[in-house]
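**Q** Under our numbering, think of the first position of the sequence shown as 31, with each following residue one higher. Take a look at this one; I'll ask things after.
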Amino acid sequence: MERYFQPEIECAPREEMIKLQNERLVRQVQNVWDNVPYYRKKMEAKGVTPADIKTIDDLRKLPFLSKADLREAYPYGLMGRPVKDCVRIQSTSGTTGKRVVAFYTQHDIDLWEECCARAIVAAGGTNEDVCQVSYGYGLFTGGPGLNGGSHKAGCLTIPTSSGNTDRQIMFIMDLQATILCCTPSYAAYLGERMKELGYGPDDIPLKAGIFGAEAWSEEMRHDIEKTLGIKAYDIYGLTELSGPGVSFECSAQQGMHVNEDHFIAEIIDPVTEEPLPDGEQGELVFTSLDKEAFPLLRYRTRDICTLTREKCPCGRTHVRMGKPKGRTDDMLIIRGVNVFPSQIETVLINHGYAANYQIVVDRVNNTDTLDVQVEMTPEMFTDNVGEIQARQRALVEGLRSMLGLKATVTLVAPKTIARSEGKAVRVIDKRKI
Ligand code: DLL
C-alpha cells in the first residue's frame with residue numbers, strides 16, 4: 031500500500047494546489063520585490079511589477095535567473111532575509127565555476143527536510159527502518175538533506191557520509207540497514223564491493239535505495255536493484271533550490287513528483303526561452319514559492335527533461351518530471367551531434383557492462399574524437415584478442431545506432447577506472463584543457 035508523509039498535500043486535488051500556488055506566488059513576488067534589489071531591477075527592466083502577477087499563469091511575465099546571475103550577485107546579493115534571520119548555508123563543489131552559496135532560515139530547513147521525508151516515506155520508510163545516509167555531509171546538500179528527512183520520517187539514521195566503503199558495508203550488515211541514500215554511482219560501487227565480499231542480494235538487508243545528484247539510466251537502475259536486491263528510487267534537487275527533495279519518485283517509478291506546494295516547474299526552450307507544453311523536452315525552470323532566505327524566481331537549472339501531468343497510480347497529484355538527461359552544459363557536441371553521457375551508459379549496460387566507464391573527447395586534425403573507455407566485468411575478462419575485438423566492434427555498432435556517430439571503444443581490465451564516492455566524473459573533454 032502506498033504511504034505518504036503529508037497525504038493532504040501530496041494528494042491534494044489540482045484546484046486546491048493551484049489555489050495555494052497562486053497565493054504563494056503573489057506573496058513571494060512581493061517579498062522579492064521588497065527585499066531583493068537585484069531581482070527587482072530585473073523586473074523593472076522588463077516592465078513588470080508585483081501588481082502584474084495575480085496567478086501562476088502570469089509567471090511567464092517574470093524575468094529568468096541563471097547561474098550567471100548567481101555569480102554576479104555572489105555571495106549575498108540574492109538573499110531575501112538579513113543574515114541575522116539565517117541559520118545555515120550549503121554550497122556546491124564549484125567545479126563549473128564559482129561556488130553557489132545558498133542560505134536557509136530555520137523555516138527553509140524545516141520545509142526542505144519535509145520534502146526529503148516525503149521521498150523516504152514514498153520509498154517505504156517508517157519508524158521501523160534503519161536509513162543509512164551515504165551522501166557527503168558538509169557543504170554538499172545530499173547528506174544534511176536526507177539526514178533531516180530520515181529523522182522526520184522517524185527512521186533510525188546512520189550518518190556515515192560518503193567514503194570508507196568497507197565501513198559502510200559493516201554498518202549496513204551489522205545494523206541491518208533497510209534504506210540506503212547515496213549517489214547511484216556509489217550505490218553501484220557498494221554493490222560491486224559487497225559481491226566481492228560474498229554478499230548476494232538475499233544476504234543484504236536493504237530494501238530500498240534513494241539515489242540521485244547525478245544523471246543515471248534506467249539500465250543502471252536495474253543493475254543496482256539486482257545486485258543489492260532492492261527497489262531503487264530516484265531523487266532530484268539542486269543547491270540553489272534547497273537540495274535533494276525538489277522532486278522524488280514514488281512506487282510507480284515513472285517520473286519524479288515535484289513538491290509543487292514549494293516549487294513551480296516549467297519547461298522552456300533553452301534558445302527562445304518560451305515555455306513548452308507538457309511532454310516536450312526542454313530546460314527545467316523552477317520558482318521557489320515559500321523559501322525565505324534564498325527565494326529564486328524562474329531559475330534556469332540547465333537540466334534537460336520533460337514534465338507530465340498525467341494521473342499517477344500512486345495517488346499523488348503533483349506534476350512529474352522525467353529522468354533528467356543531463357545538463358545542457360554536460361551535453362557534448364561531437365562533430366555537430368549532441369551526445370549525453372547517459373545515452374552512452376545505456377548502450378554499455380545493454381551490452382552487459384557495469385557503469386564503470388569514462389568518455390574521452392579530443393580534437394585531432396580539426397576533427398572531434400570520442401573514445402569510450404569501459405571496464406570489462408570479471409566474467410568477461412580474457413586475453414583472447416579475437417574475443418576482445420568482437421566485443422569492441424559490437425559496442426562501436428551499438429554506439430553508432432544510439433548516437434548516429436562513430437566512436438572508438440577501449441576495453442580495459444576490471445577495476446582500472448577510479449570509483450566515485452559522490453558524483454561520478456564521466457567525461458574528460460581534452461578540447462577544453
Ligand atoms: O546534487 C542535490 C541532491 C543531492 C540531489 C542528493 C539528489 C540527491 P547540486 O550539487 O547543486 O545538488 O547539483 C544539482 O545535479 O541540477 C542536476 O544536474 C543534477 N541532479 C541532481 N539530482 C539528479 C537526478 C544536488 N536525480 C544538479 N538525476 C542538478 C539527474 C540530477 N541529475
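Cβ coordinates follow ideal geometry from the N, Cα and C atoms, glycine included.
When the Cα of residue 363 is compared with those of 414, 462, 312, 55, which residue comes out closest?
**A** Taking only the C-alpha atoms, the option nearest residue 363 is 462.
**Q** Quick check: what's the CA-CA separation for residue 277 versus residue 177?
**A** Cα to Cα, residue 277 sits roughly 16 Å from residue 177.
**Q** Which class does residue 266 belong to by DSSP, given the choice of helix, strand or coil?
**A** Strand at residue 266.
**Q** My parser needs the beta strand (DSSP E) runs of 3 or more residues fully inside the region 358 to 397; what are they?
**A** The region 358 to 397 contains these whole beta strand (DSSP E) runs: 362 to 364, 367 to 369, 387 to 394.
**Q** For residue 279, list the residues DSSP reports as bridge partners.
**A** In the DSSP output, where bridge partners are listed per residue, residue 279 has 286.
**Q** So, is residue 452 buried or exposed, given that buried needs 16 or more other C-beta atoms within 10 angstroms?
**A** The residue in question, residue 452, is buried, as its Cβ has 16 or more Cβ neighbours within 10 Å.
**Q** Within 8 Å (strictly less), CB to CB, does residue 363 reach chain B?
**A** Included in the structure is just one protein chain, with no chain B present.
**Q** When DSSP builds the beta bridges, which residues end up paired with residue 401?
**A** Answer is 390, 438.
**Q** Would you report the Cα separation of residue 351 and residue 370, rounded to the nearest angstrom?
**A** Answer to the nearest angstrom: the Cα atoms are 18 Å apart.
**Q** From the DSSP output, in three-state form, read off residue 313 for me.
**A** Note: residue 313 maps to strand in three-state DSSP.
**Q** Is residue 255 closer than 8 Å to residue 262 when the C-beta atoms are compared?
**A** Yes. Within cutoff.
**Q** I need the straight-line Cα distance from residue 67 to residue 324, nearest angstrom please.
**A** Spanning the two alpha carbons is a distance of roughly 13 Å.
**Q** Pick out whichever of 180, 160, 116, 88 has its Cα sitting closest to the Cα of residue 150.
**A** Among 180, 160, 116, 88, the Cα nearest to that of residue 150 belongs to 180.
**Q** Hey, which unbroken runs of the alpha helix (DSSP H) at 4 residues or more fall wholly within the region 35 to 70?
**A** Those alpha helix (DSSP H) runs which fall completely within the region 35 to 70 and span 4+ residues are 37 to 40, 44 to 65.
**Q** State yes or no: is the C-beta of residue 250 within less than 8 Å of the C-beta of residue 405?
**A** Taking 8 Å as the Cβ cut-off, residue 250 and residue 405 do not qualify as a contacting pair.
**Q** Going by the beta-carbon positions, is the gap between residue 298 and residue 290 smaller than 8 Å?
**A** In this structure, residue 290 does not lie closer than 8 Å to residue 298 by Cβ.
**Q** Do you know offhand how far residue 436's Cα is from residue 333's?
**A** For residue 436 and residue 333, the distance between alpha carbons rounds to 26 Å.
**Q** If contact is defined by three or more beta carbon pairs under 8 Å, each pair taking one atom from either stretch, is the region 111 to 125 in contact with the region 153 to 160?
**A** The region 153 to 160 vs the region 111 to 125: no contact.
**Q** How would you label residue 219, buried or exposed, when you count the other beta carbons within 10 angstroms and need 16 or more for buried?
**A** It is buried - the Cβ of residue 219 has at least 16 other Cβ atoms within 10 Å.
**Q** By a C-beta neighbour count over all protein chains shown, 10 Å radius and 16 as the cutoff for buried, is residue 307 buried or exposed?
**A** Flag for residue 307 reads exposed.
**Q** First and last residue of the alpha helix (DSSP H) that includes residue 180?
**A** Counting along the chain, the alpha helix (DSSP H) containing residue 180 begins and ends at 172 to 183.
**Q** So residue 236 and residue 210 are in contact, right, with Cβ under 8 Å, and what is the actual spacing, rounded?
**A** The pair is a contact, with the Cβ atoms about 5 Å apart (cut-off 8 Å).
**Q** Give the range of the alpha helix (DSSP H) segment to which residue 431 is assigned.
**A** Segment 415 to 433, the alpha helix (DSSP H) holding residue 431.
**Q** Taking only runs that begin and end inside the region 216 to 240, name each unbroken beta strand (DSSP E) of 3 or more residues, in chain order.
**A** Whole beta strand (DSSP E) segments, 3+ residues: zero.
**Q** Cβ of residue 7 versus every heavy atom of the ligand DLL: is any distance shorter than 7 Å?
**A** In this structure the chain extends from 31 to 463, so residue 7 is not present and cannot be described.
**Q** Taking residue 273 and residue 267 to be in contact with their CB atoms under 8 Å, please state how far apart those CB atoms are, rounded to whole angstroms.
**A** With 8 Å as the limit, residue 273 and residue 267 qualify as a contact, their Cβ atoms being about 5 Å apart.
**Q** DSSP state of residue 115, grouped into three classes?
**A** Of the three classes helix, strand and coil, the one that applies to residue 115 here is helix, per DSSP.
**Q** When the distance is taken between beta carbons, is residue 439 closer than 8 Å to residue 426?
**A** It is a contact, given that the beta carbons lie within the stated cut-off.
**Q** Which residues bound the alpha helix (DSSP H) around residue 195?
**A** Element bounds for residue 195: 195 to 204.
**Q** Check whether the region 160 to 169 touches the region 344 to 359, counting contact only when three or more Cβ pairs, one atom from each stretch, lie closer than 8 Å.
**A** Segments in contact, no.
**Q** Do residue 327 and residue 92 have their C-beta atoms within less than 8 Å of each other?
**A** Going by C-beta atoms, residue 327 is nearer than 8 Å to residue 92.
**Q** Assuming the contact rule is C-beta atoms closer than 8 Å, residue 464 and residue 285 should be a hit. Round their C-beta distance to whole Å, please.
**A** Nothing can be reported for residue 464, as the shown portion of the chain is limited to 31 through 463.
**Q** State buried or exposed for residue 98, treating a residue as buried only when at least 16 other CB atoms are found within 10 Å of its CB.
**A** Classification of residue 98: exposed, given that the 10 Å Cβ count is below 16.
**Q** So for residue 349, helix, strand or coil by DSSP?
**A** Residue 349: coil per DSSP, three-state reduction.
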